[in-house]
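**Student:** According to full-length UniProt numbering, the residues represented by the sequence shown are 1 to 234, in order.
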Amino acid sequence: MGDRKSNKPEYHRADERRFLDERGSSGPLAPNGLNPATILEKAVRERIVDSYFYKEQCFGVNEADIVDRVVEHVDHIGGVTGTVQKPTPFLCLAFKLLQLAPNDEILEEYLQFGGEKFKYLRALAVFYIRLTRQDKDVYLKLEPFLEDRRKLRRKGRNGVSLTYVDEFVDDLLVKDRVCATSLWKMRRRDVLEDLELLEPRVSPLGSLEDLLEERDEEMKDGEGGGMGGVRVGV
């Protein structure tokens with residue numbers, strides 16, 4: 001136990017370069033068919049590998065270590081910051097996940113960790129899933145977290161702002177670029193529904209049609225009650 005680190009493989013700078021070089025032409029692809037080594041843009045990858053955080057915290061780590069790194073070092077989401085475009089710890093760890101290629105069981109554990117201190121682990125997991133999984137699985141995995149209202153700090157070139165887990169998930173589903181990363185173009189949800197790859201999504205509040213019908217009924221009831229009140233007053 002005390003010598004836990006000695007059981008880890010020895011990594012050094014060349015290993016990261018080898019990942020970038022060899023995976024450029026060979027090696028297994030991500031489930032969505034993309035090359036993990038080239039999902040992030042070249043300039044961003046180079047900044048990550050050269051960053052102090054990556055050198056100090058991301059060498060020789062495994063999937064379990066990722067949890068510790070997030071809890072200890074990640075207090076915001078984001079891509080690059082400042083005029084020098086310094087990569088955030090969040091983006092550095094996302095790049096490390098691209099190298100580790102965790103399986104679905106591990107990703108599910110990341111997603112299900114509860115509590116405030118693990119909300120950034122969930123954010124990292126949904127970001128990684130959006131980068132590497134097929135569109136059908138992205139919707140299935142991410143949509144449940146559209147109900148997660150916890151606050152997140154977002155850091156970018158223009159400073160720090162406040163967002164929420166559900167807003168971040170929505171960005172991943174609808175935007176083309178998030179956290180200094182161009183997202184691969186997924187098929188729209190309605191297209192996947194037409195192909196019978198997805199069931200229509202039902203909000204916890206009910207369908208839009210039901211909500212509108214309920215609202216109309218409430219408005220009618222309110223109008224009737226208001227008129228009755230006027231007659232009594234007269």
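For each residue, glycine too, the CB sits at the ideal point set by N, CA and C.
How far does the alpha helix (DSSP H) with Leu142 in it extend, from its first residue to its last?
**Tutor:** First-last of the alpha helix (DSSP H) with Leu142: Asp135 to Leu142.
**Student:** Are residue 270 and Leu93 close, meaning C-beta to C-beta below 8 Å?
**Tutor:** Residue 270 lies beyond the stretch modelled for the chain, which goes from 1 to 234, so this question has no answer here.
**Student:** Would you identify the three-state DSSP class for Val80, choosing helix, strand or coil?
**Tutor:** Val80 falls in the strand class under three-state DSSP.
**Student:** Is the beta carbon of Tyr139 sitting closer than 8 Å to the one on Leu198?
**Tutor:** Against a cut-off of 8 Å, the Cβ pair of Leu198 and Tyr139 comes out as a contact.
**Student:** Arg153 lies in the alpha helix (DSSP H); which residues open and close that run?
**Tutor:** From DSSP, Arg153 is part of no alpha helix (DSSP H) but of the beta strand (DSSP E) over Lys151 to Gly156.
**Student:** Less than 8 Å between the C-beta atoms of Phe145 and Arg130, yes or no?
**Tutor:** Their beta carbons are not under 8 Å apart, which means Phe145 does not touch Arg130 by this criterion.
**Student:** Helix, strand or coil for Arg177? Go by DSSP, reduced to three states.
**Tutor:** Arg177 falls in the strand class under three-state DSSP.
**Student:** On the DSSP letters alone, give me the boundaries of the beta strand (DSSP E) that Thr163 sits inside.
**Tutor:** It spans Gly159 to Tyr164 - the beta strand (DSSP E) in which Thr163 sits, taken as one unbroken run.
**Student:** Sort Gly78, Phe113 and Cys58 by Cα distance to residue 292 and report the nearest one.
**Tutor:** Missing from the structure shown is residue 292; the chain here goes from 1 to 234 and no further.
**Student:** In angstroms, rounded to a whole number, what distance separates the CA positions of Phe127 and Glu193?
**Tutor:** The alpha-carbon atoms of Phe127 and Glu193 are separated by roughly 23 Å.
**Student:** Within 10 Å of its beta-carbon, does Met186 have 16 or more other beta-carbons around it, so buried, or fewer, so exposed?
**Tutor:** Answer is buried; the Cβ neighbour count reaches 16.
**Student:** Just to confirm my understanding: we take Glu109, look at its own chain, exclude 5 residues before and 5 after, and list those with CB closer than 6 Å. What are they?
**Tutor:** If we look at Glu109 and ignore the five residues flanking it on each side, it has no Cβ neighbours.
**Student:** Can you tell me which residues form a DSSP beta bridge with Ser182?
**Tutor:** In DSSP, Ser182 forms a bridge with Arg177.
**Student:** Out of curiosity, what's the CA-to-CA distance linking Glu214 and Gly114?
**Tutor:** Between Glu214 and Gly114, the C-alpha separation is close to 34 Å.
**Student:** For the segment 82-136, list the alpha helix (DSSP H) runs that are entirely contained and at least 4 residues long, ordered along the chain.
**Tutor:** For the segment 82-136, whole alpha helix (DSSP H) runs of length 4 or above, ordered along the chain, are 89-100, 104-112 and 119-132.
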